[in-house]
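Protein chains: 4
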Amino acid sequence: MASKAKVGVLGASGYTGSELVRMLLRHPRVEIALLTAERSAGKQMREVFPQFSPYELPTLVALESVDWAASGLDLIFCALPHATTQKVIKAIFAAAPSAKIVDLSADFRLADTAAYAKWYGHEHLAPELQQQAVYGLVEIHRRDIKKAQLIANPGCYTSCAELPLIPLIKAKAIELDDIVIDAKSGMTGAGRAAKEAMLFSEVSEGFNAYGVGHHRHMAELDQEFSRAAGKEVVVSFTPHLLPMNRGILSTIYVRGRRGKTPEELHEILLKFYAKEPFVHVLPFGETPHTRHVRGSNMTFIGVAKDRVPGKAIIIAALDNLVKGASGQAIQNMNLVMGWPETTGIDQVALFP
Amino acid sequence: MASKAKVGVLGASGYTGSELVRMLLRHPRVEIALLTAERSAGKQMREVFPQFSPYELPTLVALESVDWAASGLDLIFCALPHATTQKVIKAIFAAAPSAKIVDLSADFRLADTAAYAKWYGHEHLAPELQQQAVYGLVEIHRRDIKKAQLIANPGCYTSCAELPLIPLIKAKAIELDDIVIDAKSGMTGAGRAAKEAMLFSEVSEGFNAYGVGHHRHMAELDQEFSRAAGKEVVVSFTPHLLPMNRGILSTIYVRGRRGKTPEELHEILLKFYAKEPFVHVLPFGETPHTRHVRGSNMTFIGVAKDRVPGKAIIIAALDNLVKGASGQAIQNMNLVMGWPETTGIDQVALFP
Amino acid sequence: MASKAKVGVLGASGYTGSELVRMLLRHPRVEIALLTAERSAGKQMREVFPQFSPYELPTLVALESVDWAASGLDLIFCALPHATTQKVIKAIFAAAPSAKIVDLSADFRLADTAAYAKWYGHEHLAPELQQQAVYGLVEIHRRDIKKAQLIANPGCYTSCAELPLIPLIKAKAIELDDIVIDAKSGMTGAGRAAKEAMLFSEVSEGFNAYGVGHHRHMAELDQEFSRAAGKEVVVSFTPHLLPMNRGILSTIYVRGRRGKTPEELHEILLKFYAKEPFVHVLPFGETPHTRHVRGSNMTFIGVAKDRVPGKAIIIAALDNLVKGASGQAIQNMNLVMGWPETTGIDQVALFP
Amino acid sequence: MASKAKVGVLGASGYTGSELVRMLLRHPRVEIALLTAERSAGKQMREVFPQFSPYELPTLVALESVDWAASGLDLIFCALPHATTQKVIKAIFAAAPSAKIVDLSADFRLADTAAYAKWYGHEHLAPELQQQAVYGLVEIHRRDIKKAQLIANPGCYTSCAELPLIPLIKAKAIELDDIVIDAKSGMTGAGRAAKEAMLFSEVSEGFNAYGVGHHRHMAELDQEFSRAAGKEVVVSFTPHLLPMNRGILSTIYVRGRRGKTPEELHEILLKFYAKEPFVHVLPFGETPHTRHVRGSNMTFIGVAKDRVPGKAIIIAALDNLVKGASGQAIQNMNLVMGWPETTGIDQVALFP
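Protein chains in written order, with the UniProt record's numbering: chain Y, 1 to 352; chain S, 1 to 352; chain F, 1 to 352; chain U, 1 to 352.
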């Protein structure tokens with residue numbers, strides 16, 4: 001085997017950052033050569049994430065102290081906050097034009113700059129890069145990703161809705177004006193920023209919806225569903241917060257088109273994902289639990305018959321930090337680096 | 001004040017039983033005169049629920065050892081398993097024809113014996129009593145309950161869907177063929193029977209749907225929604241289990257009828273519940289958390305605008321053991337006994 | 001009954017504040033006349049704690065806007081941060097010399113100003129008041145509390161160690177140089193400030209000790225144990241954080257003095273607390289769960305025999321927000337106001 | 001590389017069984033050739049643990065249907081209940097005398113048959129094998145394990161107390177008559193049997209001790225501590241149940257012998273474990289969290305100074321299902337098979 005590729009993780013003190021480090025430490029083809037964290041610059045990774053105490057890792061540094069040209073990084077994972085990301089990636093490409101970047105923020109997911117401006121309230125800072133970026137949902141856009149230099153890793157909520165729905169939309173198997181996505185996420189999806197509403201005592205032993213009617217992930221859903229349909233699709237989508245750490249479950253209500261039965265919808269998904277290592281369609285009528293994909297890069301999808309004639313209930317589950325973020329990001333890396341797609345991300349789920 | 005009424009709790013070793021005892025111990029108008037529990041007969045309540053250790057309570061006895069005529073009970077709460085209940089209540093009325101009964105099981109909720117047979121797989125054992133029973137959702141059927149002798153306390157899932165929807169259905173404000181109820185419940189709703197799927201290690205840090213497409217609570221929803229509409233209504237309903245003890249939250253997707261806006265739906269609910277002590281409608285756009293009703297008899301309802309034109313998202317939350325079971329049962333007792341409706345059940349929610 | 005007493009809660013936006021409001025709303029002798037919260041001044045209580053949405057409460061105001069003399073408050077609960085408290089209480093007494101105050105902070109718990117300075121790193125700002133303050137552990141200092149004007153409500157950890165140990169120390173029944181207190185607390189004990197270490201994702205599904213060897217509560221333990229013993233007592237004490245909201249459990253290892261057996265230690269506690277409404281000693285060999293006192297003002301104590309000859313294991317459990325804070329504070333109010341001690345705080349524990 | 005070794009897992013439907021399968025599926029040197037489960041015989045593994053749905057595994061069979069001689073298994077993991085184990089292992093050795101067995105039950109941990117009879121209430125059924133069995137705590141008994149045929153995998157509580165204490169006892173650095181071990185475990189340690197006390201609703205949001213003064217793990221501690229000391233050692237040990245799935249934390253109170261300081265105790269542990277891949281001693285004064293070893297085979301140990309002169313507080317944390325059971329078992333397999341000790345068990349901890 002050739003020497004290892006050098007990778008960097010920008011924003012290593014957040015949860016998607018630590019999750020990348022967890023998997024990259026055991027990835028046989030890479031060496032972790034750079035870790036950045038603004039407020040924790042100068043610290044060791046073990047000080048911000050004690051689970052890494054036994055392992056050797058680079059000291060955390062500030063972004064501004066990095067010489068991108070000299071760094072010799074083959075691939076960079078960017079796990080930075082929204083907006084900051086656009087500036088940083090622009091600077092990286094300016095200094096190191098051949099670098100490959102997998103961006104875990106929302107900054108490059110929307111191809112349409114007008115849509116971006118509408119949902120985020122300001123003009124995009126790197127519209128030329130936004131055109132180049134490829135949306136990194138591997139099972140849907142694998143061919144484009146292989147050739148990409150900048151990959152926009154999809155959101156966790158959106159992955160958990162797009163994987164079950166896009167094959168059905170492409171197959172013209174469901175009505176497009178009557179899709180309801182009721183989504184529930186574990187708390188790690190909300191990040192590591194210290195906010196009152198995310199304290200243990202506020203969250204534990206309770207459940208609630210949020211962003212009802214106007215969540216930013218909707219823009220991403222609109223884009224991908226409309227692409228798949230070839231016309232505008234607008235769905236009902238409500239996110240909720242679960243009193244647990246990891247896992248997203250989407251309960252999706254659809255109406256079969258032109259008499260398509262729930263069993264036929266199931267069959268379409270089964271075929272579409274037959275050879276995919278990270279999407280598993282359960283037998284008809286079985287539905288997934290988030291706990292059965294925890295810590296793994298797997299997505300489980302189930303299809304059941306609703307008692308309302310013509311309707312089906314589709315349920316998908318994935319780990320928001322793995323297939324919904326860092327595992328997917330490494331899957332994207334494996335693709336663009338030409339490595340076997342499952343390298344370093346084939347861990348079996350941790351249950352219980 | 002006159003002497004206290006004598007009440008009995010049948011099935012005191014389950015969660016709805018203990019919850020009744022918790023509230024009845026502080027209810028100023030009653031004396032707990034009888035507690036039954038089959039497998040724990042002969043034990044003290046403190047042995048099955050140590051939280052009652054400091055209080056004096058009757059020894060648990062077996063049902064068959066009770067002489068209903070001699071017991072002198074004014075009111076009986078029946079928190080027994082399905083089917084058993086029918087036989088027991090028949091026997092009670094035979095021996096003590098003037099007793100009042102609030103039944104917390106599902107046995108007398110369905111007025112239609114054919115519907116009962118379809119959903120439960122056997123003929124009803126006391127069809128004559130089923131005709132007399134009044135469905136005990138106080139805010140909807142208060143007048144009938146006051147005159148009833150046998151009250152069928154509603155289910156927890158159903159209460160959390162009927163309270164927000166029935167006023168809208170009655171007002172003919174929503175389309176009836178496009179209602180989706182995505183419901184999530186804490187684990188106490190599943191009872192205290194020792195089953196592998198309910199072990200802490202199986203439930204914690206995970207989330208799942210169950211009974212997809214065919215949950216028994218649907219029969220109860222059909223009955224009440226169809227009554228309110230004056231014609232058959234069939235809704236999509238999916239229950240889920242939350243990794244927490246108490247609380248149900250229903251996320252409901254509806255389409256306004258004849259141009260009714262979400263704001264108008266909100267207005268209807270606000271007026272309908274304006275004077276109700278136990279249903280609180282939040283300002284438009286705010287949605288409830290289960291934690292804010294925990295341990296209380298309150299239901300919180302919120303209405304928000306969906307971005308899909310013409311649709312609204314309605315969210316309701318209640319504590320499944322209180323307003324969804326034992327608190328509602330005591331509210332029913334207060335009504336039939338002619339006491340102020342809030343007596344003994346006006347505890348403020350316990351948060352955090 | 002005479003008109004209701006007017007009470008104020010300073011620091012109503014924290015957990016001990018909301019817990020006071022929860023119980024005071026149903027206390028038959030008081031009217032909540034003042035609620036303060038610095039950062040939330042001008043807001044309604046429902047905006048910081050939505051569970052109060054259905055109830056009428058005063059608007060939150062800033063401390064500096066209160067005219068203490070004109071307020072006409074009969075009793076003030078002070079649930080403010082450390083140090084601030086000293087200044088505020090000094091100002092209140094200056095303006096309203098006859099006010100009664102129950103202080104829930106640590107500021108007036110240490111009678112010795114030198115001990116205060118050592119543990120808190122600065123001179124006490126109101127040493128003259130510190131002399132007047134009475135330590136408000138009702139079951140130990142009831143007589144003094146009745147006559148007090150300023151009551152220092154004890155800490156949660158300390159209450160859960162002092163209630164089981166002080167009667168044994170007073171009875172000279174245990175060795176004083178070999179006491180180990182291993183204490184575990186739910187997260188609400190850490191307050192509502194937004195800190196990374198207290199986020200749900202950091203706390204859930206994990207357990208740890210903290211402040212090992214040097215926790216501030218030790219000063220309070222030293223004071224009370226030494227008072228009871230008539231000589232200096234220093235114990236081993238380790239606090240831990242539990243992934244749950246409410247409850248403290250102390251596991252205490254003691255050695256009987258002069259051949260005192262575990263059964264004799266149990267007997268001493270049983271007698272000491274025989275008539276107390278809020279301390280319940282379990283039968284010998286039984287030990288308590290935190291869940292069995294949740295939401296109630298109860299303390300449960302159990303005593304068991306260790307297999308190491310001569311040693312006993314004593315376990316105590318209470319709800320840190322009730323008997324460990326706000327319930328105890330209301331118990332203190334009831335005492336100084338001359339009301340029955342259990343008024344408004346006799347709720348039965350909420351389990352499950 | 002030569003062909004893969006064939007391994008079997010007896011008792012695959014329990015948590016230690018599924019945890020073995022999770023790690024063995026990704027172990028490069030083995031093939032899972034046999035899975036047994038009595039009540040689930042004939043089922044697929046995915047039916048008892050849906051997380052294995054995407055993987056190919058042998059059908060579950062009953063023990064009695066296995067022909068041990070013909071099975072050709074190189075190594076057998078035995079994760080069966082107490083007592084059953086003795087009979088099964090006897091039968092295996094009779095049929096396949098060269099098989100290697102790692103037993104995860106408590107049946108062969110006690111070398112002394114009298115101690116076994118005392119703690120388990122009946123004579124050992126295979127005393128001749130009990131003599132051969134080697135206690136499989138790798139870091140302490142590595143040399144003996146390499147040559148063993150039957151390895152008694154240690155208990156989870158005991159591993160978490162023995163790893164921090166045995167080096168100190170061997171070094172004669174602590175007093176032996178004053179050791180207190182306060183241990184707390186996640187719920188998976190209690191297994192998968194459906195018992196009321198282990199239901200989510202009974203466990204969640206609460207904490208308690210159990211087996212106070214008389215837990216069976218004490219026999220194992222006595223044996224190992226006495227071996228290390230060369231004389232009888234009896235410690236205080238109290239187990240507690242945490243409302244979480246995985247993790248054990250032991251808080252240990254010791255007194256240095258002949259003036260040994262906490263810093264010196266720390267130094268002894270640091271040296272003892274300097275080259276161990278699975279025991280990590282934190283810098284002096286830092287103490288571990290269970291969450292930082294979750295899902296990994298790591299043990300973290302911390303040492304801090306108590307304020308009681310001469311005493312130290314030692315805290316150890318491990319994942320009860322990995323280093324406390326199945327990870328340790330695979331570590332033992334690696335040793336007896338002559339493979340690198342970390343093969344297949346070097347996963348980094350999953351946090352958050």
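Built from N, CA and C at the ideal position, the CB exists for glycine as well.
| Asked | Found |
| --- | --- |
| Contiguous alpha helix (DSSP H) assignments of at least 4 residues, all confined to the stretch 29 to 57 of chain S | 45 to 48 |
| Members of the stretch 219 to 248 of chain Y that neighbour chain S once the beta carbon cut-off is set at 8 Å | Val234, Val235, Ser236, Thr238, His240, Leu242, Pro243, Met244, Asn245, Arg246 and Gly247 |
| N- and C-terminal bounds of the alpha helix (DSSP H) containing Val138(Y) | Val138 to Lys146 |
| Proximal residues of chain Y, C-beta to C-beta of Glu47(F) below 9 Å | Going along chain Y, no residue has its Cβ under 9 Å from Glu47(F), so there is no contact; the nearest lies around 12 Å. |
| Contact with chain Y by Leu265(U), beta-carbon distance below 8 Å | no |
| Cross-chain neighbours of Met198(F) in chain Y, by beta carbon under 7 Å | Leu199 and Phe200 |
| Residue-chain proximity (Ala349(S), chain F), Cβ-Cβ < 8 Å | yes |
| Residues of the stretch 304 to 332 of chain U with Cβ closer than 7 Å to any Cβ of chain F, in chain order | Ala304, Lys305, Asp306, Arg307, Val308, Lys311, Ile313 and Ile315 |
| Nearest residue (CA-CA) to Asp112(S), options Leu241(S), Ser296(S) and Glu220(S) | Glu220(S) |
| Rounded straight-line distance, which links the Cα of Pro164(S) to that of Val303(S) | 9 Å |
| Where His217(Y) falls, given that 16 or more other Cβ within 10 Å makes a residue buried | buried |
| Outcome for Arg294(U) when other beta-carbon atoms lying within 10 angstroms are tallied against a minimum of 16 | buried |
| Under 7 Å by beta carbon: chain Y residues contacting Val203(F) | Phe200 |
| Closest residue to Pro213(U) among Lys311(F), Val336(F), Asp346(F) and His280(F) (Cα-Cα distance) | A quick correction: the sequence has Gly, not Pro, at residue 213(U). The residue with the shortest Cα to Cα distance from Gly213(U) is Lys311(F). |
| Interface residues of the UniProt domain "Semialdehyde dehydrogenase NAD-binding" (6 to 148) of chain Y facing chain S [CB-CB below 7 Å] | none |
| One or two residues paired with Ile76(S) in a DSSP bridge | Gly8(S) and Ile101(S) |
| Residue from Thr299(S), Pro97(S) and Leu168(S) whose Cα sits closest to the Cα of Leu150(S) | Pro97(S) |
| Interface residues of chain F facing Asn297(U) [CB-CB closer than 8 Å] | None at all; the shortest Cβ gap to chain F is about 17 Å. |
| Residues bridged to residue 353(F) (per DSSP) | This structure gives no information on residue 353(F), because the portion of chain F shown stretches from 1 to 352. |
| Residue burial classification, Glu263(U) (beta-carbon count within 10 angstroms, cutoff 16) | exposed |
| 6 Å CB neighbourhood of Gly189(U) in its chain, flanking five on each side removed | Cys156 and Asn320 |
| Top-ranked residue by Cα proximity to Lys146(S), from Gln331(S), Val348(S), Pro352(S) and Asp346(S) | Gln331(S) |
| Short Cβ contact (8 Å threshold) for His122(F) with Phe207(U) | no |
| Helix, strand or coil at Tyr273(S) [DSSP, three-state] | coil |
| Rounded Cβ spacing between Arg291(U) and Asp346(Y) (contact assumed at less than 8 Å) | Not confirmed; about 24 Å, so no contact. |
| Ser3(S) burial status per 10 Å Cβ neighbour count (16 or more: buried) | exposed |
| Beta-ladder partner(s) of Ala317(S), from DSSP | Leu249(S) and Phe300(S) |
| Gln86(U) classed as buried or exposed, judged by whether at least 16 other C-beta atoms fall within 10 angstroms | buried |
| Pick from Arg22(F), Ala79(F), Asp67(F) and Tyr55(F) that is closest to Leu10(F), judged by C-alpha positions | Ala79(F) |
| Beta-carbon gap between Glu19(F) and Ser326(F) smaller than 8 Å | yes |
| Within chain F, partners of Thr342(S) - CB distance below 9 Å | What Thr342(S) touches in chain F: nothing, since even the nearest Cβ is about 11 Å away. |
| Interface flag, Lys184(U) vs chain B, CB-CB below 8 Å | Of the protein chains in the structure, Y, S, F and U, none is chain B. |
| Nearest-angstrom Cα separation, counted from Ser40(U) out to Glu232(U) | 44 Å |
| Per DSSP, the bridge partner or partners of Thr238(Y) | Asp182(Y) |
| Within chain U, the residues that Thr251(F) reaches when beta carbons sit closer than 8 Å | Asp182, Ala209, Thr238 and His240 |
| Residues of its chain near Leu75(S), where Cβ-Cβ distance is below 6 Å and the 5 sequence neighbours each way are ignored | Val7, Lys100 and Met333 |
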